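Here the structure is laid out as structure tokens; the discussion comes afterwards.
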Amino acid sequence: MRHLDQVFTSNLAARHRLGRVFHIICMLSTWFGVVVLTVLLAGVLWQGAGWLNWNFLFSFDSRHPEQAGILAGLWGSLWLILITVLISVPIGVGAALYLEEYAPNNFLTRLIQVNLSNLAGVPSIVYGILGLTVFVRMFGLFQGQSKIIEIPLSVVTIRIPLPLGNSVLSAALTLSLLILPMVIVAAQEALRAVPSSIRTASYALGATRWQTLRHQVLPASLPGILTGVILSISRAIGETAPLVMIGALTYIALTPGDITSPMDVVHNPQSIVDAPFDRFTSLPIQIFNWVSLPEREYQHVAAAGIIVLLVVLLVLNATAIIIRNRFQKRNRW
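Each residue of the sequence shown is one higher than the one before, starting from 408 at the first, in this note's numbering.
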């Protein structure tokens, strides 16, 4: 009996030692990531803080480092993310709702699920090649002769060039394809996390499937869906390879629609419908261009651009997190 107690005690001590070792490994891994991130951020801030001023934010790019600005890239990225979200979120959430709530459990549905999981890991350059073929050139159907479709409205006229060319819309459609698998998978997981008792109770009270989804399931799953959207936007805003493939400009002295303030839209409403079809640049493209230039001063300009990109990303994510938390507080289960 005493021998069994000694064996049990030694095994228990060994398990405690193993647990402490695992705890230390996890702690070191966490702090290693934090230290590396801190060093990188400190290096970027040290290089770019002195070059970050109002002139840098409100000026276009220049061949002289001290005069270079990021206005075109800033507005290009904002337009790009806005259109990408407007395209990908409704389609992604709608596809997740269909696959999770309506689609039958058959071979085709399982095949779609497997492909969605695989598409989430496809390199972004592949999507860039796809966007170049489908959206920029439209499979060469127009054989170099572009056409313009005009849709007159009461105040403005929408002019859609075919093929879309190197426009903001082409880039937004390409990035939408890039993040759609992530949005769909995250939305599906959020819908699965809603307890089935909520659906059952809603049906028992006489609600239809659409009423149950609209008033019970979607509000309860919205925090999880927004989490997936936040992660997707974070990936899309920093992508460079797809934009390089579709022909985003590295140097441009115009913003999409020539809009630099809300007053420009008031004075010229046509600019807001022309902006998605304009040529553009973005923050990652400008930073990539500055880093590749031989002058040492452009390294500081690129660091200042990285700071602006991080601030934009943090503001967008913080806004989405605040919205998510507000919806999360409404859940009572």
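Where a beta carbon is used, it is the ideal one built from N, C-alpha and C, also for glycine. None of these values were measured; they are calculated from a predicted model.
Residue 550: CB within 7 Å of a non-hydrogen atom of the ligand FAD: By its list of ligands, the structure shown contains no ligand whatsoever, and the ligand FAD lies outside what it can speak to.
Use the C-beta contact count for residue 474: other C-beta atoms within 10 angstroms, 16 or more gives buried, fewer gives exposed. Here residue 474 refers to the residue found at position 67 of the sequence shown. Residue 474 is exposed by the Cβ-count criterion.
For the alpha helix (DSSP H) holding residue 694, just list the boundary residues, first then last. What you label residue 694 is simply residue 287 of the sequence shown in a count that begins at 1. Start and end: 690-699.
Three-state secondary structure (DSSP) at residue 564? Position 157 of the sequence shown, counted from the start, is the residue given in the question as residue 564. In the structure shown, residue 564 sits in a strand (DSSP, three-state: E or B).
I'd like to know if the segment 557-566 and the segment 589-599 are in contact, where contact means that at least 3 CB-CB pairs between them fall below 8 Å. no
Kindly indicate the opening and closing residues of the beta strand (DSSP E) around residue 557. For the purposes of this step, residue 557 is taken as the residue at position 150 of the sequence shown. Segment 554-559, the beta strand (DSSP E) holding residue 557.
Same chain, Cβ closer than 7 Å to residue 708, neighbours up to 5 away in sequence not counted: Here residue 708 corresponds to residue number 301 of the sequence shown, with the count starting at 1. Within the same chain, residue 708 has close Cβ partners 458, 472, 475, 697.
Cutoff 8 Å; reference residue 638; Cβ partners in own chain excluding five residues on either side: For this step, residue 638 is matched to residue 231 along the sequence shown. Taken in chain order, the residues that qualify are 589, 593.
What's the gap between the Cα of residue 710 and the Cα of residue 477? As a working note, residue 710 is residue 303 in the sequence shown. As a working note, residue 477 is residue 70 in the sequence shown. Taking the straight line from one Cα to the other gives about 12 Å.
Pairwise C-alpha distance: residue 506 and residue 552: Sequence index remark: in the sequence shown, residue 552 carries index 145 (1-based). Sequence index remark: in the sequence shown, residue 506 carries index 99 (1-based). Each residue's Cα considered, the two are about 40 Å apart.
With 16 other CB atoms within 10 Å as the buried threshold, where does residue 646 fall? Taking the sequence shown and counting its residues from 1, the one referred to as residue 646 is at position 239. Result: buried.
Got a sec, what are the start and stop residues for the alpha helix (DSSP H) residue 687 sits in? Numbered from 1 along the sequence shown, position 280 holds the residue referred to as residue 687. Counting along the chain, residue 687 falls outside any alpha helix (DSSP H), and DSSP gives it neither H nor E.
For residue 510, which residues from the same chain have a beta carbon less than 6 Å from its beta carbon, with the 5 sequence-adjacent residues on both sides left out? In the sequence shown, residue 510 corresponds to position 103, counting from 1. Counting only Cβ-Cβ distances below 6 Å, and skipping sequence neighbours, we find 516.
Check whether the Cβ atoms of residue 495 and residue 690 lie closer than 8 Å to each other. If you number the sequence shown from 1, residue 495 lands on position 88. If you number the sequence shown from 1, residue 690 lands on position 283. No; because the gap between Cβ atoms is not below 8 Å, this pair is not in contact.
Boundaries of the alpha helix (DSSP H) in which residue 350 is found, first to last residue: Nothing in the structure corresponds to residue 350, since the chain is present only between 408 and 740.
For residue 569, which three-state DSSP category applies? One-based indexing of the sequence shown puts residue 569 at position 162. Residue 569 falls in the strand class under three-state DSSP.
Answer yes or no: do residue 600 and residue 641 have a C-beta to C-beta separation smaller than 8 Å? The residue labelled residue 600 in the question sits at position 193 within the sequence shown. The residue labelled residue 641 in the question sits at position 234 within the sequence shown. Not closer than 8 Å, so no.
Here's a check: name, in chain order, each residue in its chain whose Cβ is nearer than 6 Å to the Cβ of residue 469, leaving out the five neighbours to either side. As a working note, residue 469 is residue 62 in the sequence shown. 475.
Using only CA atoms, which one of 426, 420, 455 lies nearest to residue 703? The residue given as residue 703 occupies position 296 in the sequence shown. The shortest Cα separation from residue 703 among 426, 420, 455 belongs to 455.
Is residue 579 buried or exposed, if buried means 16 or more other CB atoms sit within 10 Å of its CB? Within the sequence shown, numbered from 1, the residue matching residue 579 stands at position 172. Label assigned to residue 579: buried.
Inter-residue CB distance, residue 659 and residue 451 (contact presumed, cutoff 8 Å): Counted from its first residue, the sequence shown places residue 659 at position 252. Counted from its first residue, the sequence shown places residue 451 at position 44. That pair is no contact at about 24 Å.
Taking just the CA atoms, how far does residue 498 sit from residue 616? As a working mapping, residue 616 is identified with position 209 in the sequence shown. As a working mapping, residue 498 is identified with position 91 in the sequence shown. Spanning the two alpha carbons is a distance of roughly 20 Å.
Who are the Cβ neighbours of residue 584 in its own chain at under 6 Å, not counting the five residues just before and after it? For this step, residue 584 is matched to residue 177 along the sequence shown. The answer, listed in chain order, is 534.
Given this structure, state the Cα-to-Cα distance separating residue 650 from residue 482, to the nearest angstrom. For the purposes of this step, residue 650 is taken as the residue at position 243 of the sequence shown. For the purposes of this step, residue 482 is taken as the residue at position 75 of the sequence shown. Rounded to the nearest angstrom, the two C-alpha atoms are 15 Å apart.
By how many angstroms is the C-alpha of residue 653 removed from the C-alpha of residue 544? By 1-based counting over the sequence shown, the position of residue 544 is 137. By 1-based counting over the sequence shown, the position of residue 653 is 246. Between residue 544 and residue 653, the C-alpha separation is close to 9 Å.
Alpha helix (DSSP H) segment containing residue 539, residue limits: Translated into positions along the sequence shown, residue 539 becomes position 132. No alpha helix (DSSP H) contains residue 539, which DSSP labels as neither H nor E.
Where residue 486 falls, given that 16 or more other Cβ within 10 Å makes a residue buried: The residue labelled residue 486 in the question sits at position 79 within the sequence shown. Looking at its Cβ environment, which holds 16 or more other Cβ atoms inside 10 Å, residue 486 is buried.
First through last residue of the alpha helix (DSSP H) which encompasses residue 525: Along the sequence shown, read from residue 1 onward, the residue named residue 525 stands at position 118. Note, residue 525: alpha helix (DSSP H), 514-526.
Name the two residues that bound the continuous alpha helix (DSSP H) containing residue 546. For this step, residue 546 is matched to residue 139 along the sequence shown. Neither: residue 546 is in no alpha helix (DSSP H) and is coded neither H nor E.
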